[in-house]
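Reviewing the structure listed below.
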Amino acid sequence: MKITLITVGKTDVKWVKEGLDIYVSRLARYVPFTIDELPQLKNVAALSQEQIKEKEGQNILGRISNNDFVVLLDDKGKEMSSMQWAGQLEDWMSHSGRNIIFIVGGAYGFSQSVYKRANYLLSLSRMTFSHQMVRVIFTEQLYRAFSILKGEPYHHE
């Protein structure tokens, strides 16, 4: 089993990249983890938000296999504490037997086809974060969940 974070657009903010590098290297002790950065769409000025979501959705769905367990990082998703999140992750890993794909959508969110493919919607907060920051926040929370599951002292409850 491996975990992948799919993002729309490159990580182009230096401190975000540095933060990601820290948590990606820490996660390597627990699970095969990769970040798949889909290219930002070009020449979209004449497209509607829905058309942009559809095109991004096609790109996202092209990176997912039928057997993957897909979790959208979405403001409509379920919120949980870090302890609850660790338990949820453990449940998925022990019962699904599938690769887990987490997805950060583009600026306008996800297309209906991506929502239909999703197995779960997860919200990191009721607050809105930039799509760049979500990458670091999620990766840190993934690392935190593994440290909780392993009984390591990173998380203080």
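Sequential numbering from 122 applies to the sequence shown in our numbering.
C-beta atoms are modelled at their ideal positions from N, C-alpha and C, and glycine is treated no differently.
From a predicted model like this one, the values you see are computed outputs, not experimental measurements.
Given a cut-off of 8 Å, decide if residue j and residue i are closer than it, judged by their beta-carbon atoms.
| i | j | result |
| --- | --- | --- |
| Y264 | L148 | yes |
| K163 | G230 | no |
| T132 | T155 | no |
| V235 | L182 | yes |
| S244 | K199 | yes |
| L159 | I127 | yes |
| S232 | G178 | yes |
| Y144 | E261 | yes |
| A228 | I269 | no |
Tell me, please, which residues DSSP counts as bridged to residue i.
| i | result |
| --- | --- |
| F231 | According to DSSP, which records beta bridges pairwise, F231 is partnered with nothing at all. |
| I127 | D157, I224 |
| L193 | I224, L242 |
| K135 | Answer by DSSP bridge pairing: none, since K135 is not bridged. |
| K199 | L243 |
With respect to the alpha helix (DSSP H) encompassing residue i, which residues constitute its N-terminal and C-terminal limits?
| i | result |
| --- | --- |
| V255 | 252 to 270 |
| L182 | 170 to 182 |
Original post:
Between the stretch 186 to 194 and the stretch 208 to 228, do three or more beta carbon pairs fall short of 8 Å?
Top reply: yes
Original post:
Hey, is the stretch 203 to 220 in contact with the stretch 164 to 172, meaning 3+ C-beta pairs nearer than 8 Å?
Top reply: no
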